[in-house]
Structures are given as C-alpha cells and as structure tokens.
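The structure appears below as structure tokens.
In this note's numbering, the protein residues as written are 3 to 244.
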C-alpha cells in the first residue's frame, strides 16, 4: 500500500461512500498542520538550524532560506525527519498538513518534515481535495499571502484566510474583526487533531521515514472519519425527522 501510494486513494473512496449518504456538508473547509514526533531522534545535540514553527515571514523565499538544514546522520536516527521549535521546545519529526470539511471529517492530508512551513502545501491540498467552487477555505494568518489569495480566486474558492499585519502596516479594525470571526471557527480542525491524539495516540510516530509517516497520517484520517460516522448518522437522522 505504501509503496504503491494507495493510501490517498483509499481515503477518497471512503469519503465518496460517506458523501453518498449525504453526511459531508461542505459549507466551509479548514486547513491547519500538526506535528507528529519521531522517537528516532539524534541522541547528541544535532547540527541542524532549528526554525520556529509558524514563524512569520514577509515573503516565501526568506522562509525557505531559513528552513535549510545541515544533515547529520547517526545510527538509528530517522534521516527524513527534521527539527522545529514549537512552544519554546525543539521537536523532531514530521508535520501533518490537513484539510477537513465543516463537520471535521478529513478530506486530504500531506506529510512533510516538521520544519516545512505550514502554508507551503496549501495548493497541493487544494488539488487533492474535491472542493467545489464557492466553498470557503478557513485558515489562520500563517497561510496569508498574495499567492494563496490569487490561487483561491482562480479556483472560485472563497478566501477565509486571516489577514496578517506587515511591517509598518498594522491591520485595520475591520480586518481584526474578520480575523476574530475566523478564529471562532477554528475549533473544527482543532477538534479533529485533538480527537486523533486522544483516540489513537497520534502525536507519536511508530515508523521511520517520510513515506511511512504519511501512511500513518492517512490511517489516522480514515480511522477518525469512520469513528465519527455513527454520531454523524444519528445527527443526520434527527435532522430529517424534525
């Protein structure tokens, strides 16, 4: 399955069957990223340039320069995982970039090393997920860029990405109010990540390498969607009876 790259196709088939029962209600989609730690980290102080997770940059080239690392190979170490600073601590592993629908069901997943900026795989997520024109994509200010705004517009997708203040250009009051409204909807994807961690111990990777890390993230996505189904079916039945 992993070698054939079949996990993404399997998630698509599962979601198609869910949609056949009119469960997935895509009034809006949400994008975010979560870090999965790898226990196969270097035992000695690594010679990596560690970047702050979700650090803001004015342009993408600056961000990519800061994310270059010096590779150090040690026995037993996952050589495809990377370090990133999260909450003041250095974390070694991978990043799970996820798109969910308005119910929190996972639509698409992309796996990268942990030092990849959250916003970089956004366009690939849009290509993976069957998003209909007119759908609004919600994301925090880490995803804010003219490139992404133009990409959403070209696809007919509504922009629900928070605005980001630039140097010497603070946000206006209406932008702050808009950001606040978007923040209130963020619980949808935060609940997905939280439930995966609680139900499946999703924060710790059991395998080595990017391909197996992605397979793990896809298994989490499918297991989460299937576990949510009974409650979603019950809610749907109650709505049709009222």
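We put the CB at the ideal spot given by N, CA and C, even for glycine.
Within the same chain, 206 and 207 come within 8 Å of residue 41 by CB-CB distance, once the 5 residues on both sides are set aside.
In terms of CA proximity to residue 34, 163 leads the group 168, 240 and 163. In the pairwise beta carbon analysis, the segment 121 to 131 is classified as touching the segment 141 to 159: at least three pairs are separated by under 8 Å.
The Cβ-Cβ distance between residue 97 and residue 116 falls below 8 Å. Separation of the CB atoms of residue 194 and residue 106 is rounded to 5 Å, and the pair is thereby assigned contact status at 8 Å. Annotated three-state conformation of residue 142 is coil, per DSSP. For residue 115, the three-state secondary structure derived from DSSP is strand. The residue among 89, 17 and 88 with its C-alpha nearest the C-alpha of residue 229 is 17.
Contact between residue 223 and residue 38 is absent: CB atoms are separated by about 12 Å, not below the 8 Å threshold. Excluding sequence positions up to five before and after residue 136, its CB lies within less than 7 Å of the CB of 158 and 160, all in the same chain and listed in chain order.
As DSSP reads the structure, residue 36 sits in a beta bridge with 98. Under the criterion of beta carbons closer than 8 Å, residue 140 and residue 30 qualify as touching, at roughly 6 Å. In the DSSP annotation of this structure, residue 84 is not part of any alpha helix (DSSP H); the continuous beta strand (DSSP E) holding it starts and ends at 84 to 88. In the three-state reduction of the DSSP assignment, residue 171 falls in the strand class, which pools E and B. Taking the CA atoms as reference points, residue 132 sits about 15 Å from residue 24. Rounded to whole angstroms, residue 11 and residue 130 show a C-alpha spacing of 10 Å. The C-beta of residue 189 has fewer than 16 other C-beta atoms within 10 Å across all chains shown, which makes the residue exposed. Distance from the CA of residue 175 to the CA of residue 187, rounded to the nearest whole angstrom, comes to 19 Å.
Judged by beta-carbon spacing, residue 154 lies beyond the 8 Å limit of residue 165, meaning their Cβ atoms are not closer than that value. Here residue 226 is not near residue 218, since their CB atoms are 8 Å or more apart. Here residue 239 is exposed, its C-beta having fewer than 16 other C-beta atoms within 10 Å.
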